[in-house]
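Trainee:
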Amino acid sequence: MTIDWSWIGDHTDDLTTLTFSHLQAALSAVLFGLLISLPLAVVAHRIRPLRGLLLGLSNVLFTIPSIAVFVLLLPVSGLTRTTTVIGLTIYTLVVLLRNTVEGLDSVPAKTKEAAKAMGTRPLRALLTVELPLALPVIMAGVRIATVMSISLVSVATYIGDGGLGQLFTDGFQRNFPTPVIVGVVLTLLLALVADALLVAVQYVLTPWTRRRA
Amino acid sequence: MYELFKNLGDWLVSGEQWTGPDGIGHRLAEHLQYSLLATLVAAAIALPLGLLIGHTGRGAFLAINLASFGRALPTVGLVVLVFLASGLSMWPVYVALVALAVPAIVTNTYAGMNAVDPDVKDAARGQGMRWHQVLFQVELPLALPLIMTGLRLALIQVVATATIAAYVSFGGLGRYVFDGLAQRDLVQVLGGAVLVAVVAVVLDLALSGLQRVLFRHRPA
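This is the structure we're talking about:
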């Protein structure tokens, strides 16, 4: 199995397009996942009986195979990018929901009482006290969800999308390993870079956690 | 939409769909064979590794990074890569499934071992237990619930991903998904997908039930 370096040189434009398309699918999924799981997590955190239900439901969604999710969505959204993003979003929900609930749980009761005693209204306390303090745990979830999504995008190649995953189908059909190797390496790099960027974002967003170091 | 679900129902319950070499019965058996064998091999590799890392406390960095790397590795790419290297054999399927399962088992085993109270280990050593006695009689039983969680997680992922065997021309329930996609037969595709999801959920429930029966004498 040898790498045809000239193929890579001839296809830099395609590779750039696929990489960006790949990244766009994964990041949209994480973004939508956050938009859905943040309010749900607040509800699950406040209303105990709903907590088990919501977390259990997201766990069941996780047991459905990714290829099956994409395929099950075909009657709804067809062979489109929308299907890819919906499928990936469903997968991010498990991690994001669980971590956000755990993050909110980890906020010390005394801090919340102090905010209340100072006359902070509930919504303001949530936005300016609880969510910031829950951020490290939420960010841990965002990192896992991002890396997972980046790896999963390629599954959508079966429904005609899939970003860098298209390189796998291409290499498979032509019995030509170079695009496959390039696809795997680029996916790993993308995950690595995205993860490092998220660590940096968390560092910037949570200055109070730095003093310990 | 209604028509589709009606056809799907017919597809799933019709008798001829369940028998013969292309039947659901045979495909289901193949699917279970790939999944269980891959999970067993992965456990044989990952359990000793996780126990060793957890017991010695060395290589924790490796365990955590292995998990992250495993999550990032695109399974489809791995299958195709091994297929192109090895030709038509079962290698691509098993390599990809084992690679998928190992990180989940290693990290959970390590996490379970790491969560064992150091005082308990000290007490065991203070009573004159040898290292293997501490490992197998103290740490392992205490870490078992988390180890089981890792095995369950790995099995679910493997069952879901074993669909891929059909992509490199083998059997399993993925056959319906890929054949259906190729023939533009949505009912068949959905039938395959539903069956895989059901198998994953049922196996997970069965394992968690087994776990509850085995460890009922212990607080969760």
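As you go down the protein sequences, you meet chains F and G in turn.
Sequential numbering of the first sequence, starting at 1, is according to this note's numbering.
Sequential numbering of the second sequence, starting at 214, is according to this note's numbering.
A virtual CB, placed ideally from N, CA and C, is assigned to each residue, including glycine.
Report back the beta-carbon spacing between Leu217 of chain G and Val400 of chain G to the nearest angstrom; my notes put them in contact at under 8 Å.
Mentor: Stepping through the second sequence from its first residue, residue 217 of chain G is reached at position 4. Stepping through the second sequence from its first residue, residue 400 of chain G is reached at position 187. Indeed, because the Cβ distance is near 7 Å, the residues count as touching under 8 Å.
Trainee: For chain G, find out if any of its Cβ atoms is closer than 8 Å to the Cβ of Thr206 of chain F; answer yes or no.
Mentor: Counting from 1 along the first sequence, the entry for residue 206 of chain F is found at position 206. No - not a single Cβ of chain G is within 8 Å of the one on Thr206 of chain F.
Trainee: Quick check on this structure: which residue in G:Gly228, G:Met326, G:Ser248 has the alpha carbon closest to the alpha carbon of Ala312 of chain G?
Mentor: To locate residue 312 of chain G, count along the second sequence from 1; it is residue 99. The residue with the shortest Cα to Cα distance from Ala312 of chain G is G:Ser248.
Trainee: If you reduce the DSSP assignment to three classes, tell me which class Met326 of chain G lands in.
Mentor: Taking the first residue of the second sequence as position 1, residue 326 of chain G is located at position 113. Note: Met326 of chain G maps to helix in three-state DSSP.
Trainee: Helix, strand or coil: how does DSSP classify Met361 of chain G here?
Mentor: Within the second sequence, residue 361 of chain G is the residue found at index 148, counting from 1. Residue state, collapsed to three classes: helix.
Trainee: Please work out which residues of its chain come closer than 7 Å, Cβ to Cβ, to Leu54 of chain F, disregarding the five sequence neighbours upstream and downstream, and give them in chain order.
Mentor: Position 54 of the first sequence, counted from the first residue, corresponds to residue 54 of chain F. Leu40, Ala44, Leu97.
Trainee: Along the segment 18–31 of chain F, where does the CB come closer than 7 Å to a CB of chain G? Name the residues.
Mentor: Flagged: no residues at all.
Trainee: Do Leu301 of chain G and Ser382 of chain G have their C-beta atoms within less than 8 Å of each other?
Mentor: Your numbering for residue 301 of chain G matches position 88 in the second sequence. Your numbering for residue 382 of chain G matches position 169 in the second sequence. Against a cut-off of 8 Å, the Cβ pair of Ser382 of chain G and Leu301 of chain G comes out as a contact.
Trainee: Within 8 Å (strictly less), CB to CB, does Arg284 of chain G reach chain F?
Mentor: What you label residue 284 of chain G is simply residue 71 of the second sequence in a count that begins at 1. It does; some Cβ of chain F falls within 8 Å.
Trainee: By the three-class DSSP mapping on this structure, what secondary structure does Ser302 of chain G have?
Mentor: Translated into the one-based positions of the second sequence, residue 302 of chain G becomes position 89. DSSP places Ser302 of chain G in coil when its eight states are reduced to three.
Trainee: Using the rule of at least 16 other Cβ atoms within 10 Å of the residue's Cβ for burial, across every protein chain shown, is Gln370 of chain G buried or exposed?
Mentor: Indexing the second sequence from 1 puts residue 370 of chain G at position 157. Gln370 of chain G should be labelled buried.
Trainee: Is the closest heavy atom of the ligand MG to the C-beta of Ala125 of chain F under 7 Å?
Mentor: By its list of ligands, the structure shown contains no ligand whatsoever, and the ligand MG lies outside what it can speak to.
Trainee: Near Ala413 of chain G, what residues of its chain come up, given a Cβ to Cβ distance below 6 Å and the 5 sequence neighbours on each side ignored?
Mentor: Taking the first residue of the second sequence as 1, we reach residue 413 of chain G at position 200. Only Ile369, Val372, Ala373 meet the Cβ criterion.
Trainee: Kindly indicate if chain F contains any beta-carbon less than 8 Å away from that of Val414 of chain G.
Mentor: Stepping through the second sequence from its first residue, residue 414 of chain G is reached at position 201. Yes, its Cβ sits closer than 8 Å to a Cβ of chain F.
Trainee: Any beta carbon from chain F within less than 8 Å of Leu364 of chain G's own beta carbon?
Mentor: Numbered from its first residue, the second sequence carries residue 364 of chain G at position 151. With 8 Å as the cut-off, Leu364 of chain G does not count as an interface residue toward chain F.
Trainee: Just checking my contact of Gly405 of chain G with Gly393 of chain G at CB under 8 Å: how many whole Å lie between their CB atoms?
Mentor: Start at 1 with the first residue of the second sequence, and residue 405 of chain G comes out as number 192. Start at 1 with the first residue of the second sequence, and residue 393 of chain G comes out as number 180. Between Gly393 of chain G and Gly405 of chain G the Cβ distance is about 6 Å, and since that is below 8 Å, they are a contact.
Trainee: Using only alpha-carbon positions, find the residue among F:Leu61, F:Asn99, F:Thr187, F:Leu192 that is nearest to Thr89 of chain F.
Mentor: By one-based count along the first sequence, residue 89 of chain F stands at place 89. When each option's Cα is compared against that of Thr89 of chain F, the closest is F:Leu61.
Trainee: Does the beta carbon of Met139 of chain F sit closer than 8 Å to a beta carbon anywhere in chain G?
Mentor: Sequence index remark: in the first sequence, residue 139 of chain F carries index 139 (1-based). By this cut-off, Met139 of chain F is not an interface position.
Trainee: Any beta carbon of chain G sitting closer than 8 Å to that of Val142 of chain F?
Mentor: Here residue 142 of chain F refers to the residue found at position 142 of the first sequence. Judged by the 8 Å Cβ criterion, Val142 of chain F is not in contact with chain G.
Trainee: Could you check what DSSP says for Val11 of chain F in three-state terms: helix, strand or coil?
Mentor: Along the first sequence, read from residue 1 onward, the residue named residue 11 of chain F stands at position 11. It is His, not Val, that sits at residue 11 of chain F in the sequence shown. His11 of chain F: coil per DSSP, three-state reduction.
Trainee: Counting only Cβ pairs nearer than 8 Å, list the residues of chain G close to Asn99 of chain F.
Mentor: Mapped onto the first sequence, residue 99 of chain F falls at position 99. Those within 8 Å of Asn99 of chain F in chain G number zero; the least Cβ separation is about 15 Å.
Trainee: Between Pro136 of chain F and chain G, is there a C-beta pair that is closer than 8 Å?
Mentor: Against the first sequence, residue 136 of chain F aligns to sequence position 136. Output row for Pro136 of chain F: interface = no.
Trainee: Which class does Ile318 of chain G belong to by DSSP, given the choice of helix, strand or coil?
Mentor: Numbered from its first residue, the second sequence carries residue 318 of chain G at position 105. Helix.
Trainee: Using the C-alpha atoms, what's the distance from Met361 of chain G back to Leu355 of chain G?
Mentor: Numbered from 1 along the second sequence, position 142 holds the residue referred to as residue 355 of chain G. Numbered from 1 along the second sequence, position 148 holds the residue referred to as residue 361 of chain G. Looking at the two C-alpha atoms, the distance is approximately 11 Å.
Trainee: DSSP three-state call for Gly162 of chain F: helix, strand or coil?
Mentor: As a first step, residue 162 of chain F must be located in the first sequence, where it is residue number 162. Looking at Gly162 of chain F - three-state DSSP - the assignment turns out to be coil, as it is neither helix nor strand.
Trainee: In terms of residue numbering, what span does the alpha helix (DSSP H) encompassing Tyr380 of chain G cover?
Mentor: Here residue 380 of chain G refers to the residue found at position 167 of the second sequence. That residue, Tyr380 of chain G, is in no alpha helix (DSSP H); it is neither H nor E in DSSP.
Trainee: Taking only three categories from DSSP, how would you classify Leu214 of chain F?
Mentor: Residue 214 of chain F falls outside the range modelled here, since chain F spans only 1 to 213, and no answer is possible.
Trainee: Once you ignore the five residues that flank Phe296 of chain G on each side, which residues in its own chain have a CB closer than 7 Å to its CB?
Mentor: Here the question's residue 296 of chain G lines up with position 83 in the second sequence. Contacts found: Pro305, Val381.
Trainee: Taking only beta-carbon positions, decide if Leu294 of chain G is within less than 8 Å of chain F.
Mentor: As a first step, residue 294 of chain G must be located in the second sequence, where it is residue number 81. With 8 Å as the cut-off, Leu294 of chain G counts as an interface residue toward chain F.
Trainee: Pull up the distance between the alpha-carbon of Pro177 of chain F and that of Leu192 of chain F, whole angstroms please.
Mentor: Within the first sequence, the letter at position 177 stands for residue 177 of chain F. Within the first sequence, the letter at position 192 stands for residue 192 of chain F. Approximately 23 Å between the Cα atoms of the pair.
Trainee: Please check if any C-beta of chain G sits within less than 8 Å of the C-beta of Ile150 of chain F.
Mentor: Indexing the first sequence from 1 puts residue 150 of chain F at position 150. Cβ-Cβ to chain G under 8 Å: yes for Ile150 of chain F.
Trainee: Please go through the segment 258–309 of chain G and give each complete alpha helix (DSSP H) segment of 4 or more residues, from N-terminal end onward.
Mentor: Whole alpha helix (DSSP H) segments, 4+ residues: 273–285, 288–299.
Trainee: Which same chain residues end up closer than 7 Å to Ala26 of chain F when comparing Cβ atoms and leaving out the 5 residues on each side of it in sequence?
Mentor: As a position in the first sequence, residue 26 of chain F is number 26, starting the count at 1. Leu88, Thr146, Ser149, Ile150, Val153.
Trainee: Below 9 Å on C-beta distance, what does Leu399 of chain G contact in chain F?
Mentor: As a working note, residue 399 of chain G is residue 186 in the second sequence. The answer, in chain order, is Val71, Leu74, Pro75.
Trainee: Once DSSP output is grouped into helix, strand and coil, what is the label at Asp398 of chain G?
Mentor: The residue given as residue 398 of chain G occupies position 185 in the second sequence. It is coil, neither helix nor strand.
Trainee: To the nearest angstrom, how far is it from the Cα of Val426 of chain G to the Cα of Leu123 of chain F?
Mentor: In the second sequence, residue 426 of chain G corresponds to position 213, counting from 1. In the first sequence, residue 123 of chain F corresponds to position 123, counting from 1. One C-alpha to the other measures close to 44 Å.
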